[in-house]
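Protein sequence lines, in the order shown, are assigned to chains A and B.
At the far end of the first sequence sits residue 122, using the numbering used here, and the numbering has no gaps.
At the far end of the second sequence sits residue 122, using the numbering used here, and the numbering has no gaps.
2 protein chains.
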Amino acid sequence: MAKAFGSYVRERRERRRETDPRFSVRQLAQRIGVEPSYLSKVERDDVAPPSEATILRLAAELDEDPDVLLALAGKVSSDLQEAIRKRPELFAALIRELKGMPDQAVLRLVREVRDGNW
Amino acid sequence: MAKAFGSYVRERRERRRETDPRFSVRQLAQRIGVEPSYLSKVERDDVAPPSEATILRLAAELDEDPDVLLALAGKVSSDLQEAIRKRPELFAALIRELKGMPDQAVLRLVREVRDGNW
DNA sequence: CATAGTGTGTACTATGTAGTACATACTCTA
DNA sequence: TAGAGTATGTACTACATAGTACACACTATG
Numbered sequence: 005m006a007k008a009f010g011s012y013v014r015e016r017r018e019r020r021r022e023t024d025p026r027f028s029v030r031q032l033a034q035r036i037g038v039e040p041s042y043l044s045k046v047e048r049d050d051v052a053p054p055s056e057a058t059i060l061r062l063a064a065e066l067d068e069d070p071d072v073l074l075a076l077a078g079k080v081s082s083d084l085q086e087a088i089r090k091r092p093e094l095f096a097a098l099i100r101e102l103k104g105m106p107d108q109a110v111l112r113l114v115r116e117v118r119d120g121n122w
Numbered sequence: 005m006a007k008a009f010g011s012y013v014r015e016r017r018e019r020r021r022e023t024d025p026r027f028s029v030r031q032l033a034q035r036i037g038v039e040p041s042y043l044s045k046v047e048r049d050d051v052a053p054p055s056e057a058t059i060l061r062l063a064a065e066l067d068e069d070p071d072v073l074l075a076l077a078g079k080v081s082s083d084l085q086e087a088i089r090k091r092p093e094l095f096a097a098l099i100r101e102l103k104g105m106p107d108q109a110v111l112r113l114v115r116e117v118r119d120g121n122w
């Protein structure tokens, strides 16, 4: 693993908790719909990261980028997967082409596409 | 599901079998390292598609595009997933930007990146 | 008519995924 | 010093994944 999912979540949650008591394990667990003991184990990397659905609720509560949190969990958002599955040759070629390139290059591409001036 | 994985494989295998007796269920199953009864069930969509590793061996034997076969199985190649996980914000933005665009546009982009003239 | 090759039905299994349920132990504070 | 709030340890579970093992029935052929 690159970085531990659990410890990252714990750090984020504790940061929020400094100013907001609603960010205890118990209360956060309840808001995202899991048992406190489970969230605790997740945060200590005692168990594998939760399902995509649970991670998304977690990201929303912690105000984190869902794609980043999913990535830390070793997952890729299902809507991205679906986009790739619909046009596998095209997206496979593009991603393999880009995976060796620097962030700058990819970012530039994103912007070009977004601005439509190409 | 968009299209059935199994029936596609069966069609491809039977096509090959017309000219090459090595493409019976039994022999192909043996070459890709699974039980014939399992391959049979897979081809009749009686069970879920095989694992990524098995699909890749199948694609190689049938001379099919692995990404297409994986897509039919509802999967995305793990090397693509890994590329996305390494830079989630960037790739998520790019893919979401492109998913509404026509094939032509994506293809043009692939070529531009490949040719490096940008 | 036996036997080699074809596909398939049934039963079973090992491992992983994504959690729940409950009990325990600590700490602050009213 | 009781009670509320904190996190955590242990045990268990339902369902999915990815198959194996073996017996069976059909067909062509030498």
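Even glycine gets a Cβ: it sits at the ideal position worked out from N, Cα and C.
None of the values given here were measured: they were computed from a predicted structure.
For ASP49/B, the closest Cβ of chain A is not nearer than 7 Å. Residues of the stretch 63-78 of chain A whose Cβ lies closer than 8 Å to any Cβ of chain B, in chain order: ASP69, ASP71, VAL72, LEU74, ALA75, GLY78. Beyond the five residues adjoining it in sequence on each side, PHE27/A comes within less than 6 Å, by CB distance, of ARG17, ARG20, ARG21 in the same chain, given in chain order.
Taking 4 residues as the minimum length, the alpha helix (DSSP H) runs contained wholly in the stretch 41-81 of chain B are 56-66, 70-76, in order along the chain. For LEU60/B, there are no neighbours in chain A by C-beta distance under 8 Å, as the nearest C-beta there is about 13 Å away.
Flagged as an interface residue toward chain A: GLU101/B, by a C-beta distance shorter than 7 Å.
For the stretch 79-91 of chain B, the set of residues with a beta-carbon nearer than 9 Å to any beta-carbon of chain A comprises LYS79, VAL80, SER81, ASP83, LEU84, GLN85, GLU86, ALA87, ILE88, ARG89, LYS90, ARG91, in chain order. Proximity of chain B to VAL29/A at the Cβ level (cut-off 8 Å) is not reached, the minimal Cβ distance being about 26 Å. In summary, the residues of the stretch 101-119 of chain A whose CB is separated from some CB of chain B by less than 7 Å are GLU101, LEU102, LYS103, ASP107, VAL110, LEU111, LEU113, VAL114, VAL117, ARG118, in the order they occur in the chain. By the criterion of a C-beta distance shorter than 7 Å, LEU102/A is surrounded in its chain by VAL110, once the five residues flanking it on both sides are discounted.
Cβ neighbours of SER44/A within its own chain (closer than 7 Å, five residues either side excluded): VAL29.
Closer than 7 Å to the CB of ALA97/B there is at least one CB belonging to chain A. When 7 Å is used as the limit between beta carbons, LEU94/B is near these residues of chain A: ASP107, VAL110, LEU111, VAL114, in chain order.
Ranking PRO70/B, SER82/B, ARG100/B, SER11/B by CA distance to the CA of GLU47/B puts SER11/B first. Contact check for ARG35/A against GLU68/A fails: the beta carbons are separated by 7 Å or more.
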